[in-house]
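S.K.: For the sequence shown, the numbering used here begins at 239 and goes up steadily by one.
We put the CB at the ideal spot given by N, CA and C, even for glycine.
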Amino acid sequence: MDNPNVQPTVRRRHRSLAEELVTELSRRICTGELPRGTKLPTESEVMAEHGVSRTVVREAISRLQASGLVETRHGVGTFVKDIPSPSGFRIDPDTIVTLQDVLAVLELRISLEVEAAGLACVGRTDQQLQVMRDSLDALNSRAVSADYAVSADFQFHQQIALATGNRYFTDIMLHLGVNILPRTRLHSKRLANDNKEPFLQRLSREHEDIYKAILRRDADAARAAMRLHLSNSRERMRRAYEAAAAELSNGPAAVNAPP
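(1) So if DSSP puts Lys-277 in a beta bridge, which residue, or which two residues, is it bridged to?
(2) At a cut of 8 Å, does the segment 399-406 reach the segment 270-279 through at least three beta carbon pairs?
(3) Quick one: what's got a C-beta closer than 7 Å to Arg-311's C-beta in the same chain, skipping five residues either side?
(4) Please work out which residues of its chain come closer than 7 Å, Cβ to Cβ, to Val-290, disregarding the five sequence neighbours upstream and downstream, and give them in chain order.
(5) What are the start and end residues of the beta strand (DSSP E) that includes Arg-311?
(6) Leaving aside the five residues before and after Ala-399 along the sequence, list all residues of the same chain whose C-beta is less than 7 Å from its C-beta, in chain order.
(7) Drop a sphere of 10 angstroms on the beta-carbon of Leu-486, count the other beta-carbons inside from all chains shown, and report buried for 16 or more, exposed for fewer.
(8) Using the three-state DSSP reduction, which class does Thr-402 fall into: helix, strand or coil?
(9) From what residue to what residue does the alpha helix (DSSP H) around Leu-341 run?
(10) Is the Cβ-Cβ distance between Ala-298 and Ala-358 less than 8 Å?
(11) Within 10 angstroms of the Cβ of Val-308, are there 16 or more other Cβ atoms? Answer buried if so, exposed if not.
(12) Go ahead and label Glu-351 buried or exposed: buried means 16 or more other beta carbons lie within 10 angstroms of its beta carbon, across all protein chains shown.
(13) So is Gly-356 buried or exposed if we call it buried at 16+ other beta carbons inside 10 Å?
(14) Below 8 Å on the Cβ atoms is my contact criterion, and I expect Glu-446 with Leu-466 to pass it. Report the Cβ-Cβ distance as a whole number of Å.
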């Protein structure tokens, strides 16, 4: 007699593998490893590199297309998009121009990620927990580059969204992470320049508190730790933008400074 649980298990496995592949490819896009306009590796190359089936690769590419990150040109290949698709849910980073805009997006992140942290306590797997741990180890390493630290930070938060088991958390966080986080990280680092070591230590403690709560499957503690972390980020962001505005008001030389 056939086991009725076999087919749903296979579907869940395919979905999990596809989500992990989406996370990895989006990380490469986020860090510039796959710049805009770049052609993605072929299906066969992705299958060989990641050890997944063609079905998994096609599902992952479909998810990236739905997120507006890539487009497939028939007979040519799949490319990282130059301009986000105008259809569907989008937050265009070019419209995030004021302090109020930035804080509003961060408040959206708070509302999403606080609940995601609680759900991750229930749904996380040992493998997902290990990816979180590896991401934090990389983020805490003083030997990594700034770009890789941004990637590790993004991977940690994205893995929490993935651990919810809810694909919509993953999709929204993927969009926010790729389009918003790299830009805002620059301002956070700018704020920390004069007091970098204490800043990094605080950031490390905040991430560790989130991780430990998810490790214990303590949903209330995970939500509280995530809320504290992102609320602190909001305050750091506010201070960073105020400092940048003060610099711009000091003279025309500051206007030409890199963002």
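M.R.: The relevant details are as follows:
(1) DSSP output for Lys-277 lists Phe-317 as bridge partner(s).
(2) With a cut-off of 8 Å, the segment 270-279 and the segment 399-406 do not count as touching, because too few Cβ pairs lie within range.
(3) Here the set comprises Phe-317.
(4) The residues are Leu-255, Leu-259.
(5) Per DSSP, Arg-311 is one residue of the beta strand (DSSP E) stretching across 308-311.
(6) So the list reads Ala-354, Phe-407, Thr-408, Met-411, once near-sequence residues are dropped.
(7) That one is exposed.
(8) If DSSP states are grouped into helix, strand and coil, Thr-402 belongs with coil.
(9) Looking at the DSSP string, the run of the alpha helix (DSSP H) that includes Leu-341 is 337-361.
(10) Not in contact: Ala-298 and Ala-358 (Cβ atoms no closer than 8 Å).
(11) Around the Cβ of Val-308, a 10 Å sphere holds 16 or more other Cβ atoms; the residue is buried.
(12) Counting Cβ neighbours within 10 Å, Glu-351 comes out buried, since at least 16 surround it.
(13) Flag for Gly-356 reads buried.
(14) In fact, because the Cβ distance is near 12 Å, the residues do not count as touching under 8 Å.
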